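FYI, UniProt numbering numbers position 309 of the sequence shown as 309, with every residue one higher than the one before it. Remarks on the structure that follows.
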Amino acid sequence: MIKTKEKQLHLGVLLYGCGHHQAAWLMPDSSIEQIGDISYYQSLAQLAEKGYFDAVFFADNQSFQGKDCSDMPAFWFDPVVNLTAISQVTNHVGLVSTISSTFSNPFTASRQLLSLDHITKGRVGWNLVTSMTDLEALNHSMEELPPHDKRYEKADEFAALMNKLFLSWDSNEFLHHREERKLINPSNIQPFNHDGTYFKVYGPSTTPRSPQGKPVSMQAGASKQGIALAAKYADAVYSVSWNLKQAKKFREKLDEQVKQSKVRNRHIKVFPGLVTYVGHTREEALAKKAALDKKLPIETALKQLSFFIQQDCSKWEMDNKVPQLPPVEEFTGPVGRYETILEIINDTQPTVRELLGYLNAGGGHHTLIGTPAEIVDQMEVWFEAGVADGFNLMPPTLPGSLEDFVELIVPEMQRRGIFRREYEGHTFREHLGLSSIAVETAK
1 MIKTKEKQLH LGVLLYGCGH HQAAWLMPDS SIEQIGDISY YQSLAQLAEK GYFDAVFFAD
61 NQSFQGKDCS DMPAFWFDPV VNLTAISQVT NHVGLVSTIS STFSNPFTAS RQLLSLDHIT
121 KGRVGWNLVT SMTDLEALNH SMEELPPHDK RYEKADEFAA LMNKLFLSWD SNEFLHHREE
181 RKLINPSNIQ PFNHDGTYFK VYGPSTTPRS PQGKPVSMQA GASKQGIALA AKYADAVYSV
241 SWNLKQAKKF REKLDEQVKQ SKVRNRHIKV FPGLVTYVGH TREEALAKKA ALDKKLPIET
301 ALKQLSFFIQ QDCSKWEMDN KVPQLPPVEE FTGPVGRYET ILEIINDTQP TVRELLGYLN
361 AGGGHHTLIG TPAEIVDQME VWFEAGVADG FNLMPPTLPG SLEDFVELIV PEMQRRGIFR
421 REYEGHTFRE HLGLSSIAVE TAK
């Protein structure tokens with residue numbers, strides 16, 4: 001019998017369309033017809049729960065061009081609504097929704113998350129983003145996105161205000177004492193009257209704090225401002241790391257920023273994105289990737305690359321080396337993904353076609369191909385190096401790649417004693433080992 005190690009690896013899965021590979025929808029067994037069917041997402045979450053995942057996660061984009069015949073309408077449902085439906089057919093798996101501080105009303109957003117946290121008895125998390133495109137801004141009465149610095153200034157106030165709302169009063173103040181004719185204890189339910197640069201909220205929330213104290217706070221920005229925001233507010237962060245070198249660099253940046261914060265001994269959990277192709281043999285795993293790559297729509301892949309690097313690359317020669325790109329210091333778009341692309345280019349000196357091959361499933365996240373033992377070997381390297389407390393799985397196809405992971409990789413992790421064999425708690429905080437952390441009171 002393998003003894004369970006004290007340190008356990010965590011797993012989330014980012015549910016997106018019919019898979020993260022750009023050719024997933026073209027495969028004969030594609031689930032593309034189901035992406036507007038809520039039962040599809042419910043079944044994916046049930047599959048993740050079968051594999052004892054910590055959480056399922058939804059990203060979000062608040063615009064849809066719909067101009068190209070290959071545009072994927074992947075963000076069909078609002079994430080909070082989708083997760084509410086999922087909550088009714090699952091019992092343990094955490095439920096993480098993306099929330100944009102640039103567009104969201106903090107009172108409404110906190111109320112929705114707290115409501116779902118009560119409905120699920122404490123299984124909710126939220127991923128704070130500042131959004132990335134002017135197209136999204138056009139749907140929110142804006143001509144364009146505010147500058148990067150202003151977005152993060154607003155995000156800082158948003159996160160602080162969300163905590164005030166999450167913690168504004170406790171359910172213990174709901175007395176419902178019939179004999180004494182006391183329904184609530186109003187002395188402990190007081191407005192906090194937030195009057196900031198971007199938001200004015202009198203408070204308190206209409207909903208008391210949740211069974212887990214407050215929803216788990218997550219963050220995904222890799223810029224200097226994004227890491228600073230995570231150091232102040234996040235319990236865990238999603239990261240983009242192509243290789244171990246990049247993963248170590250991110251961990252060091254985050255730890256250094258935490259040292260400069262008010263709570264210097266805080267450990268923020270890091271979840272690098274992970275793309276896996278697994279088979280009973282390495283050849284079988286390689287064949288799965290090759291089958292997808294063969295169907296890759298080049299125009300769609302070039303369009304994604306153009307977005308990542310913020311310049312038009314549609315005229316690039318496919319079999320020539322990638323043209324020289326500006327240093328990251330001069331880049332004004334999403335920094336984390338851009339750094340990853342520069343790292344891939346530095347590591348492999350690829351042609352344009354080869355670069356698209358690296359990016360076509362998840363956009364340059366850590367990619368592992370092989371048998372369960374080979375894949376878990378590499379996961380353990382990152383885990384033991386302290387650069388990954390777990391991983392955010394980005395399956396190339398859904399449900400196929402997630403089924404492969406649950407059936408082949410999870411048992412190998414369990415055999416090595418680095419992953420749970422059953423859920424030992426109920427709340428998302430308990431899954432992540434955050435249950436003993438005191439929840440700060442609102443100020």
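We put the beta carbon where it would ideally sit given N, CA and C, even for glycine. Note that this is a predicted model, so its numbers are computed, not measured.
For this session: Give the DSSP bridge partners of K200, in chain order.
Result: D195
For this session: Would you grab the beta carbon distance between S210 and S110 for me? Rounded to a whole angstrom, and I think it's under 8 Å.
Result: 10 Å between Cβ atoms; not a contact.
Exercise. Are the Cβ atoms of G357 and R337 separated by less than 8 Å?
Worked result: no
For this session: Quick one: measure Cβ to Cβ for V201 and L161, integer angstroms, because I've assumed they're closer than 8 Å.
Result: 6 Å
Problem set entry | N105 burial status per 10 Å Cβ neighbour count (16 or more: buried) | exposed
For this session: Could you tell me whether the stretch 132-150 touches the stretch 184-191, using the rule of 3 or more Cβ pairs below 8 Å?
Result: no
For this session: Give every residue of the same chain whose Cβ lies closer than 6 Å to the Cβ of S239, excluding the five residues on either side of it in the sequence, and list them in chain order.
Result: F250, V270 and P272
Exercise. Touch check for the stretch 14-29 and the stretch 279-292: three-plus C-beta pairs under 8 Å?
Worked result: yes
Exercise. What are the boundary residues of the beta strand (DSSP E) that G370 is part of?
Worked result: H366 to G370
Exercise. Around the C-beta of K443, are 16 or more other C-beta atoms found within 10 angstroms, so that it is buried, or is it exposed?
Worked result: In this predicted model, K443 has a pLDDT of only 39, less than 50, meaning its place in the structure is not dependable; the value taken from the coordinates is given anyway. Exposed.
Exercise. Going by other Cβ atoms of all chains shown within 10 Å of its Cβ, with 16 needed for buried, is H10 buried or exposed?
Worked result: buried
Exercise. Expressed to the nearest angstrom, what Euclidean distance is found between the alpha-carbon atoms of Q65 and F419?
Worked result: 41 Å
Exercise. From this set, W382, W126, T371 and N139, which residue's C-alpha is nearest K245's C-alpha?
Worked result: W382
Exercise. Among the residues of its own chain, which have a CB less than 7 Å from the CB of I2, if the five just before and after it don't count?
Worked result: Reliability fails at I2, whose pLDDT of 49 lies under 50, so the model's placement of it is uncertain and no value is given.
Problem set entry | Residues bridged to Q219 [DSSP beta-bridge criterion] | L128 and V237
Problem set entry | C-alpha gap between T427 and L113, whole angstroms | 14 Å
Exercise. Do W169 and P215 have their C-beta atoms within less than 8 Å of each other?
Worked result: no
Problem set entry | Residues that DSSP places opposite F77 in a beta bridge | In the DSSP output, where bridge partners are listed per residue, F77 has none listed.
Exercise. How big is the Cα-Cα spacing for I437 and D60?
Worked result: Because the pLDDT at I437 is just 40, under 50, the model does not fix this residue reliably, and the point stays unresolved.
For this session: Given a cut-off of 8 Å, decide if F75 and G12 are closer than it, judged by their beta-carbon atoms.
Result: no
For this session: Pick out whichever of Q62, T397, E384 and N360 has its Cα sitting closest to the Cα of T300.
Result: N360
Exercise. Which runs of the beta strand (DSSP E), 3 residues or longer, sit entirely within the stretch 41-74?
Worked result: 55-58
For this session: Count the other C-beta atoms from every protein chain shown that fall within 10 angstroms of the C-beta of N82, then say buried if there are 16 or more, exposed otherwise.
Result: buried
For this session: Give a single yes or no on whether L135 has its beta carbon closer than 7 Å to a heavy atom of the ligand ADP.
Result: For the ligand ADP, the structure offers nothing, since it holds no ligand at all.
Exercise. From this set, A287, P372 and Y233, which residue's C-alpha is nearest N127's C-alpha?
Worked result: Y233
Exercise. Quick one, which of L355, E407, A228 and F77 has its alpha-carbon nearest S372's?
Worked result: Note that residue 372 is Pro in the sequence shown, not Ser. Out of L355, E407, A228 and F77, E407 has the C-alpha closest to the C-alpha of P372.
For this session: Could you give the DSSP three-state label for F250: helix, strand or coil?
Result: helix
For this session: Can you say whether S97 is buried or exposed, counting buried as having 16 or more other CB atoms within 10 angstroms of its CB?
Result: buried
Exercise. Quick one: what does DSSP say G213 is sitting in, helix, strand or coil?
Worked result: strand
Problem set entry | Coil, strand or helix - residue 469 by DSSP | The chain is shown only over 1 to 443; residue 469 falls outside these bounds and no answer can be derived.
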